[in-house]
Amino acid sequence: MSEGHSTYTPKTGIERWFDARMPLPRLVHDSFVAYPVPRNLNYMWTFGGILSLMLAAQILTGIVLAMHYTSDTNLAFDSVEKIMRDVNSGWLLRYLHSNGASFFFVAVYIHIFRGLFYGSYKAPRELLWILGCIIYLLMMATGFMGYVLPWGQMSFWGATVITGFFSAIPLVGNWIQELLLGGFAVDNPTLNRFFALHYLLPFMIAGVVVLHIWALHVVGQSNPTGIEVKSKTDTVAFTPYATIKDAFGMIVFLFVFAYFVFYLPNFLGHPDNYTVANPLKTPAHIVPEWYFLPFYAILRAITFNIGPINSKLGGVLCMFGAIAMLFLVPWLDTSKVRSAVYRPWYKLFFWLFVADAILLGWLGSQPAEGSYVFMAQMATLFYFAFFLVVMPVLGLIETPRRLPNSITEAVLEKKKGSGHPARATAAPEITG
Amino acid sequence: MKKILTSLALLGLVVAGTAAIAAEEEHNAAAPTHFPINEPKEMSWSFAGPFGTYDKAQLQRGLKVYKEVCSACHSMNLVAFRTLEGLGYSEAQIKTLAAEYTIHDGPNDAGDMFDRPGKPSDHFPAPFPNTEAAAAANGGAAPPDMSLLAKARGVERGFPRFIFDIFTQYAQGGPDYIHSLLTGYDQTPPAGMVIPEGTHYNPYFLSGVSLKMPKPLSDGQVTYDDGSPQTVDQYARDVSAFLMFAAEPHLEDRKKTGFRVMIFLLVFGALVYMTKRRVWADVAH
């Protein structure tokens, strides 16, 4: 937090030497040891740490995989299989990396929904939120290009469909699409530039993560009550309090991650991607990775022309619009109260929105035919209504519950209200 | 207002429900729109579950079926003979096995291509020189390579089963499918169903009512020397298990490592959790 005063005192000669020249130990101490965090953070706040861990893990496994991978359309598929069969622990690296991408998205979705629930995007955290949205956008680009690299059927056809979106843009669409593809269709130049970009983007993500953390350390963390830190009793030191809690959160997350890597490594993938890409044979259903499915459903929900906008362009606009909504959230939400804990109506709509997003995800995996289309249209309507109607209107008409005066008061109230202190200490707590 | 919202939510559920029912629509047995017509039968496999291991005798039988039947049309390009150590064969046995094959190699110092007996580092030679030849010899469609078949096939499980699959660790969709397909011939198509000429009806086929491949296995076709029943069903089980091995030779290793990782995370997690309780003991939160 921007308290300005560093509590770091170098103890050894070497620390003093560094501190006078480049105070890196001071930076680390102030950011990860003495840094004050609200004392009432729950486990939803451990996902920032989990995401950093996943980014590091993806970069490490990715670099080793790149040493064995060949980005040539004739060799790519077999080179991945060589990793799976002949490279020492290659199967582990690849399953960690491919499932790691999925779990990176699991974590980021929880992180984003946490922000939406507790109003973490409200002033003064708008920039922090927007930097997060940029990271999410970069992650989507990275994930999409990574899925193309094994050069299976879904790689190829997914790339064909997704780059096809760009051709819907008026005037410059075809030009952009050809630039992306390096030709007129997905082929060797596409694979090569996707590989180069897939290697580049994670480092750009890391860069924006630094900005994200910087912004966080200026404004400080929000917390479940949404009330700003007012006094020293509202906070605890990052180390050991947040570090140990983050560590436990990470281990639980890794446990679930490992369960998939070792027991269900292909559960989140598509069988068709174990068949080498064939430009002459279209799969029965082209589906993107699960983490794109809600947006894919929105894209396909627009089956009608809107004035001069044809359905294809309309779908693309809605899909990108769905992501753009996130960027606008700080200004769409008109409520004075941050946290949904004190906003009964917003809380209800928030959970409806979560259900809607899951429904859209499921619809995205189904063929776009019959009643699915209508359901997707309704779900899309609610998706946009949540941002454009519910968020601004609810903030104006809703009567929030009484807010506690401070974090400390909220914590002590909760403690008093929990009733059976003997049982409360005996039962293992789950939500901190 | 709460009442209005509850009724709205209910209405939403009703709409979704009717839509889902409408999606099922009329079933016309003679002209099905969704494939496969029958879902694959779930078999019990030795390699299923957290402690699954391959049944080596079964894999050896499966290899025999592949060699004597499937390999006439299907390649297995990604599998090297040395991989067959996982079937319990010794190095010497693999050398002998590889030497049964003739490998087209070269060019030699004189610039000529030549044939030589196979070595353990060679991969299974393909039955056709190229995909075009394979397609031409098989009525226009090349038989798929079998190296990854057990992972490249799978029938969509649908909601809510795909959720249960997480807890039951169901990952045998590939072998289940292959087994069902191989045992799914010999059935009479429903009256009025049009079976294109040169194709064979099979209600388990993933992408249509019938496929080009004729019934490949029949009782007694492959001789087993370990006394296992020489039936189509047994052949299908064995070759499906073998194909799972071909697609995922490190499966046992993966599950074994996984168990250690899970135990480690459990113990480490418990210790960190207790430490966390201790650290936070003096702070209400």
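Residue numbers (my numbering), protein chains in the order written: chain A, 98 to 529; chain B, 1470 to 1754.
C-beta: ideal position from N, C-alpha, C; glycine also.
Given the structure is predicted, the values throughout are model-derived calculations rather than measurements.
Contacts of residue i in chain A (Cβ-Cβ under 7 Å)
i	result
His1754(B)	Arg136, Asn137, Val508, Gly529
Lys1745(B)	Ile341, Lys342, Phe345
Phe1628(B)	Trp459
Leu1617(B)	Tyr371
Gly1555(B)	Here the premise fails: no neighbours, minimum Cβ distance about 11 Å.
Gly1609(B)	Residues of chain A passing the Cβ test: none, with the nearest at roughly 12 Å.
Range covered by the alpha helix (DSSP H) that runs through residue i
i	result
Ala1498(B)	Neither: Ala1498(B) is in no alpha helix (DSSP H) and is coded neither H nor E.
Pro1644(B)	1642-1651
Ala1567(B)	1560-1568
Thr505(A)	504-514
Pro427(A)	408-429
Rounded Cβ spacing between residue i and residue j (contact assumed at less than 8 Å)
i	j	result
Val1741(B)	Phe345(A)	5 Å
Tyr443(A)	Ala452(A)	Wrong, their Cβ atoms sit about 15 Å apart, outside the cutoff.
Ile383(A)	Val470(A)	About 16 Å separates the two Cβ atoms, so there is no contact after all.
Pro1596(B)	Ser1540(B)	6 Å
His1754(B)	Val508(A)	6 Å
Gly249(A)	Asn370(A)	3 Å
Partners in chain A for residue i, counting only beta-carbon separations shorter than 9 Å
i	result
Phe1737(B)	Ile348
Ala1640(B)	Tyr360, Leu361, Pro362, Asn363, Phe364
Pro1718(B)	Met181, Arg182, Trp188
As assigned by DSSP and simplified to three states, the class of residue i
i	result
Leu1680(B)	strand
Leu313(A)	helix
Ile266(A)	coil
Ile273(A)	helix
His126(A)	helix
Thr106(A)	coil
Val1663(B)	coil
Tyr469(A)	helix
Ala1549(B)	strand
Tyr1742(B)	helix
Pro1672(B)	coil
Pro376(A)	coil
Ile403(A)	strand
Ala1492(B)	Residue placement at Ala1492(B) is flagged as unreliable, the pLDDT there being 49, under the threshold of 50; a coordinate-derived value is accordingly withheld.
Gly212(A)	helix
His1592(B)	strand
Pro368(A)	helix
Pro1629(B)	coil
Amino acids of chain B, ordered along the chain, whose beta-carbon sits closer than 9 Å to that of residue i
i	result
Asp175(A)	Asn1546, Leu1547
Tyr480(A)	Those within 9 Å of Tyr480(A) in chain B number zero; the least Cβ separation is about 14 Å.
Tyr393(A)	Here the premise fails: no neighbours, minimum Cβ distance about 16 Å.
Val333(A)	Trp1749, Val1752, His1754
Glu495(A)	Ordered by position in chain B, no residue passes the 9 Å Cβ test against Glu495(A), which lies about 10 Å from the chain.
Lys67(A)	Given a span of 98 to 529 for chain A in the structure shown, any question on residue 67(A) remains unanswerable.
Closer than 8 Å at the beta carbon, the chain A residues around residue i
i	result
Ile1635(B)	Leu361, Phe364
Arg1622(B)	Pro368
Arg1723(B)	Trp188, Leu189, Tyr192, Phe359, Pro362
Pro1589(B)	Chain A residues near Pro1589(B): none, gap ~13 Å exceeds 8 Å.
Where residue i meets chain B, residues with beta-carbon distance less than 7 Å
i	result
Tyr244(A)	In chain order: nothing, as chain B lies at least about 16 Å away.
Pro337(A)	Val1748
Ala153(A)	Simply none; closest approach about 18 Å.
Beta-carbon proximity list for residue i, same chain, < 7 Å, skipping 5 on both sides
i	result
Tyr1654(B)	His1669, Asn1671, Lys1684
His1573(B)	Met1582, Asp1584
Thr1652(B)	Val1701, Asp1702, Ala1705
Phe1550(B)	Ile1563, Leu1566, Ala1567, Gly1587, Pro1589, Asp1591
Phe1737(B)	none
Phe292(A)	Ser168, Leu246
Residue i, enclosing beta strand (DSSP E) - first and last residue
i	result
Pro1613(B)	No beta strand (DSSP E) contains Pro1613(B), which DSSP labels as neither H nor E.
Arg1585(B)	1583-1586
Val333(A)	332-334
Ile1572(B)	1571-1574
Pro441(A)	Segment 441-462 is the alpha helix (DSSP H) holding Pro441(A); no beta strand (DSSP E) there.
Val487(A)	That residue, Val487(A), is in no beta strand (DSSP E); it is neither H nor E in DSSP.
Other residues of its chain near residue i: CB distance less than 8 Å, five sequence neighbours each side excluded
i	result
Thr38(A)	Any answer about residue 38(A) is impossible in this case: the structure gives chain A only from 98 up to 529.
Glu526(A)	The pLDDT assigned to Glu526(A) is 40, lower than 50, so where the model puts this residue is not dependable, and the model offers no usable value.
Met236(A)	Phe201, Phe202, Val205, Ile302
His510(A)	For clarity, residue 510(A) is Glu in the given sequence; the question names His instead. Only Pro501 meet the Cβ criterion.
Residue i: contacting residues in chain B (beta-carbon distance under 8 Å)
i	result
Leu351(A)	Leu1734
Contact set for residue i: own chain, Cβ-Cβ below 6 Å, skip 5 residues either direction
i	result
Thr522(A)	With a pLDDT of 40 at Thr522(A), under the threshold of 50, the modelled position of this residue cannot be trusted; read the value that follows with caution. Here the set comprises nothing.
Thr1552(B)	Pro1718
Ala1491(B)	In this prediction, Ala1491(B) has a pLDDT of 48, which is less than 50 and means its spatial position is unreliable; nothing more can be read from the coordinates.
Ser217(A)	Ser319
Proximity test, Cβ basis, 8 Å: residue i and chain C
i	result
Pro1519(B)	The displayed structure is made up of protein chains A and B, and chain C is not among them.
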